[in-house]
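Structure, as structure tokens:
Number of protein chains: 2
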Amino acid sequence: MDRSMAALALGSALALASAYPAVAKDVSRQVAKAWVASHETQILDEFTTFLAMPDVATTIADVDKNADYLKSQLEDRGFKVRILRAAPDTPATVFAELRTPGAKRTVLYYAHYDGQPTAQKGWLSPPFQPTMRTGALSTNPAVVNWRAVPAPRDPSWRIYARAAGDDKASIEALLNALDAMKSADVKPSVNIKLFYEGEEEQGSPHLRAIVDQNHDLLSADLIVMGDGPMHQSGRQLVNFGSRGVMGMTLTVYGPVRPLHDGHYGSWAPSPAVDMAYLITCLRAENGDIKIPHFYDDVTPPSEADKAALAALPPVEAQLKENLGIARPITTSRLADSYFRPTLNVRAIHVGDTGPDAANAIATHADASFDFRLTPGEQPERVKTLVESYLESLGWHVTSGPPTMEDRRTYSHIVELHWDAGESTAVRTPLDDVAAQAAVRAISAEEGAPVLELPMVGASSGMAEIVTGLKSPMIGVSIANFDDNQHAENENLRLKNLWDGIAVYTALLSELDW
Amino acid sequence: MDRSMAALALGSALALASAYPAVAKDVSRQVAKAWVASHETQILDEFTTFLAMPDVATTIADVDKNADYLKSQLEDRGFKVRILRAAPDTPATVFAELRTPGAKRTVLYYAHYDGQPTAQKGWLSPPFQPTMRTGALSTNPAVVNWRAVPAPRDPSWRIYARAAGDDKASIEALLNALDAMKSADVKPSVNIKLFYEGEEEQGSPHLRAIVDQNHDLLSADLIVMGDGPMHQSGRQLVNFGSRGVMGMTLTVYGPVRPLHDGHYGSWAPSPAVDMAYLITCLRAENGDIKIPHFYDDVTPPSEADKAALAALPPVEAQLKENLGIARPITTSRLADSYFRPTLNVRAIHVGDTGPDAANAIATHADASFDFRLTPGEQPERVKTLVESYLESLGWHVTSGPPTMEDRRTYSHIVELHWDAGESTAVRTPLDDVAAQAAVRAISAEEGAPVLELPMVGASSGMAEIVTGLKSPMIGVSIANFDDNQHAENENLRLKNLWDGIAVYTALLSELDW
């Protein structure tokens, strides 16, 4: 079905719209619903094509193919597209612009089209072979040949693929919102800029350079970030900031060669045991970070923040039930906990388990960590605190493998590497005029006030953009909260894609101030 | 060169032997040296053929091929050979017997022909592609095409392959000792039985059944175990026992699906962190086991044990230098530490590191442990102590993955599996008559008193045999102590094989009482 036919098919939903000079408040949802109803198979075809493209940014050729695909999709929709790179041999960022005659505002939409690495065990189907299943993993879902089933398909079905929720869903929803508007002859309310990054999941190592090199191109009155999952309550939410992030890898050294643990276990140091003790020195069981002065720079929530947090519906009981958690590590509500920094242990690896287990003392133990930072905390300060603390605990901190002389001299050696791509926390005031205009537009589409979250727990390379562009930023997410982002079996629920198209239709056609 | 020619080649070394009715005290070394000198290429051909046969007992067909090879080698040398199995589809054990007319004693030699699993990273050459190098790994050795170099080859060269030191070296040395004796017309001093196991590195799960089923076949006046490395001083050593061993795997559970650690890191329990704390509850940094009552059953060393320990040359300074250890976890001497049990952390695995690292809270953390037990400690008692302790710490201990109801009920869940194939410690008194006869035979060959070690730190399925057969047992090892047994790049130094042939020649031809 082509677009002119689709426009005819909208029927009564648009009769209302055409009777008024501006689109009526609740029309964006109807425009989107009509589009989805008449184009479901086409949308799923496009989305699964997009998801089938490998997109882990450690392989630049893969992300570049995604960028080329997006460029062509956006040009088809009337955008002027440019591929931005910080330097040759770095992943592409897609910039696209669509001017609206007479518009006085410009909104920049950010999303990323690269995905997390996929080496996790337990993928039920290959990460880049999008597979429809009848529901969430916990329901033991069946695989469905969706092409053999006529629309409308069950909206609780889910598409399993890397980047389905994080973050290709946002891009697909925006593309279809544009299509829905065009089919119903609804014009954008402001100038639109798109900024689609290709290495967010690698920590956005080149984003600052791209922003610095393209300051005028990227300038906008509001930035809307599509990345991230929806609120656990299922209600639409606008967030006003995100925590910062920085990662580190620690390698603890033991004997220079693996040792039989019968002969040497009572005598030689064990890097596995040393790593366990090191971790307990960094973090308490309740999540408190034990690094001295770590909380000194934390900015506490304001009274407005506290009021917004208090207005959020409770989700903890549902989460405990859904995730199989008997007792969280804190008595704080989930969203309240975002105002404190977190130290996460992403991974620990020493020796072999299972059939390959050897009775050996390993030569080293690896562990990988990330810190989530609150407003006020600076990565450079965190590095100093961590390194000083490790030294105060008796660790000899190195930036590379120790020499034999080092090993003979220092009883506790740890090699420390900080990840590239750190970011600081970023906040937009809750009463920002542009942000509140977006809140109004989405609330109208939803038919109910959206939730306002002062800060999400996750992080975004967008912090860099905000620092560079000084524009207010909000986050509007559409992916189901249980989308397994960053893990095996990432997925997007169909209803979230359909609702997301409506949300983007509202933003693109009604947001103005 | 065939064996009759080799006998002629022995020359003056045997002139001495033939002048006496019994082989003179130091002749066994000369017999062995003459054999090696004239057959070095043949020995290396045989040994590398043996090492090229994959031998990890998780693949029964592989160990069976080794068993068939040994059967044929032993039958060629006049042995009556039987393949013993505890049950169909279990690995073969090779039993062989050679009677000596007029002998009143029988000595059973134990070794194992299976090797440790080989999945460790860092093998410089494939584990079953024996590769000659010019020395120890720490010397950055070059690969040598040994066939292109005439004998005598540099005895500090090493053969790198799985099982080179642990424990095919013992078998190869014994086979060549038999060849050396035959070539010099030297007869065995006693009846010889060989018992070559095929699943020692899997914890000898069927050894007890085989012993129980073949009690008369295996009966002997002395058992000599070839497994294990030599003393770190390089001096020949006889050991009088070994510690027991038992292994366990713990899996700590977190949320039922992986969670984005930005959104949930401050709220959801982390199995990585919980595992770190669990490990610190089990073992102190200095190696002390923190499980209550763990030391209650430990039998301390006797006065004779203490005297033997005190007579051992110091090795600790050399080991620290060689292994790159600034400070051992104990001030005890290495051999003294064997009289205490040890808890080793063999492996920890949670999440992914490196390029695959994901900012996720893992669903579970795996760790693998072994206990080395001293005389007096019983595996069943250890199991009770461990399980009670975990429960006292607040862990809900399961024998399988938790149900969703379990997860919602218990905040700390650990799945515990005990390895099959546990063994207890075993000791032979230092003044045992048969053992002291072996000490004399080897001392004569060495031209110096051998070291007597009351107990090694490692373990042996032979403990089961001793329990079943009630024969005294000693250990006589020939592999270099730095043979990387149980790890990547296992290797045997050529000099150790040549010296080992001499040691076995002495045992086979002179041991009697």
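Residue numbers (the numbering used here), protein chains in the order written: chain E, -8 to 504; chain U, -8 to 504.
Note that CB positions come from ideal geometry on N, CA and C, so glycine has one too.
Predicted, not measured: the structure shown is a model, and the values here were computed from it.
Measure the CB-CB distance between residue i and residue j and report whether it falls below 8 Å.
i: U/R248; j: E/E312; result: no
i: U/K178; j: U/T91; result: yes
i: E/L334; j: E/V306; result: no
i: E/P332; j: E/I404; result: no
i: U/W26; j: U/N167; result: yes
i: U/M239; j: U/L407; result: yes
i: U/S450; j: U/S233; result: yes
i: E/A102; j: E/Y187; result: yes
i: E/G235; j: E/T290; result: no
i: E/P118; j: E/A94; result: no
i: E/N482; j: E/I270; result: no
i: E/D327; j: E/A154; result: no
i: E/H340; j: U/H355; result: no
i: E/A133; j: E/T125; result: yes
i: U/L42; j: U/W137; result: no
i: E/D397; j: U/D252; result: no
i: E/V467; j: E/V229; result: yes
i: E/G315; j: U/S257; result: no
i: E/W510; j: E/A425; result: The requested residue 510 of chain E is not part of the displayed model; chain E covers only -8 to 504.
i: E/E37; j: E/P143; result: no
i: U/S161; j: U/D218; result: yes
i: U/L485; j: U/P146; result: yes
i: E/H206; j: E/G391; result: no
i: U/L423; j: U/P393; result: At residue 423 of chain U the sequence reads Asp, which differs from the Leu that was named. For U/D423 and U/P393, no; Cβs fall outside 8 Å.
i: E/S224; j: E/P304; result: yes
Candidates the options: which alpha carbon is nearest residue i's?
i: U/N471; options: E/S379, E/L250, E/N57; result: E/L250
i: U/Y60; options: U/A83, U/R484, U/L384; result: U/A83
i: E/L208; options: E/Q193, E/D422, E/K184, E/D53; result: E/K184
i: U/P420; options: U/S129, U/P445, U/V215; result: U/P445
i: U/R76; options: U/S293, U/A449, U/A200, U/M266; result: U/A200
i: E/A302; options: E/P283, E/D474, E/P440; result: E/P440
i: E/Q193; options: E/S414, E/W504, E/I465; result: E/S414
i: U/G113; options: E/A353, E/L460, E/T375; result: E/A353
i: U/A338; options: E/Q223, E/M266, E/S19; result: E/M266
i: E/E371; options: E/T394, E/W409, E/V388; result: E/W409
i: E/E479; options: E/Q120, E/R20, E/F70; result: E/Q120
i: U/D176; options: U/L442, U/V18, U/E378; result: U/V18
i: U/T49; options: U/A110, U/Y100, U/A139; result: U/A110
i: U/Q309; options: U/Q204, U/V54, U/D473; result: U/D473
Could you work out which residues of chain A lie near residue i, taking near to mean beta carbons separated by less than 8 Å?
i: U/L128; result: In the displayed structure, chain A is absent; the protein chains listed are E and U.
Starting from the C-beta of residue i, find all residues in its chain whose C-beta is less than 6 Å away, skip the five residues before and the five after it, and write them out in chain order.
i: E/V72; result: K62, L65, E66, A87
i: E/K56; result: M44
i: E/A295; result: L421
Here's a check: name, in chain order, each residue in its chain whose Cβ is nearer than 7 Å to the Cβ of residue i, leaving out the five neighbours to either side.
i: E/A58; result: I74, A83, V85, G189
i: E/C272; result: K281, L384
i: E/L502; result: V98, S180, V181, A428, A429, A432
i: U/Y255; result: I352
Less than 8 Å between C-beta atoms, sequence neighbours within five positions excluded: which residues of the same chain meet that for residue i?
i: E/Q476; result: Q107, G156, D157, P220, A470
i: E/M172; result: V22, K178, P179, T496, L499, S500
i: U/R68; result: L89, L166, L169, D170, K173
i: E/A349; result: P249, G342, D343
i: U/Q369; result: D288, T415
i: E/L376; result: I282, P283, H284, F285
i: E/S402; result: P260, G385
i: U/P262; result: V243, Y244, G245, V341, I352, A353, T354, H355, A356
Please identify, using Cβ separations under 7 Å, the residues of the stretch 316 to 348 of chain E that lie next to chain U, in order along the chain. I316, A317, R318, P319, I320, T321, L325, S328, Y329, R331, T333, N335, V336, R337, A338, I339, H340, V341, G342, D343, T344, P346, D347, A348
Give the list of continuous alpha helix (DSSP H) stretches no shorter than 4 residues that lie fully inside the stretch 33 to 90 of chain E. 51 to 67
Name, going along the chain, the residues of the stretch 280 to 310 of chain E whose beta-carbon falls closer than 9 Å to a beta-carbon of chain U. E307, L310
Could you please tell me which residues of the stretch 386 to 404 of chain U, in chain order, have their CB closer than 7 Å to any CB of chain E? Taking 7 Å as the Cβ-Cβ cut-off against chain E, the residues of the stretch 386 to 404 of chain U that qualify are M395, R398, R399, T400, Y401, S402.
In the stretch 89 to 123 of chain E, which residues sit with their C-beta less than 7 Å from some C-beta in chain U, listed in chain order? Q107, P108, A110, Q111
At which residue ranges does the stretch 132 to 181 of chain E contain complete alpha helix (DSSP H) runs of 4 or more residues, listed in the order of the chain? 159 to 174
Listed from N- to C-terminal order along the chain, which residues in the stretch 235 to 261 of chain U have their beta-carbon within a distance smaller than 9 Å of any beta-carbon of chain E? Within the stretch 235 to 261 of chain U, V236, G238, T240, Y244, G245, P246, V247, R248, P249, L250, H251, D252, G253, H254, Y255, G256, S257, W258, A259, P260, S261 place their CB atoms closer than 9 Å to a CB of chain E, listed in sequence order.
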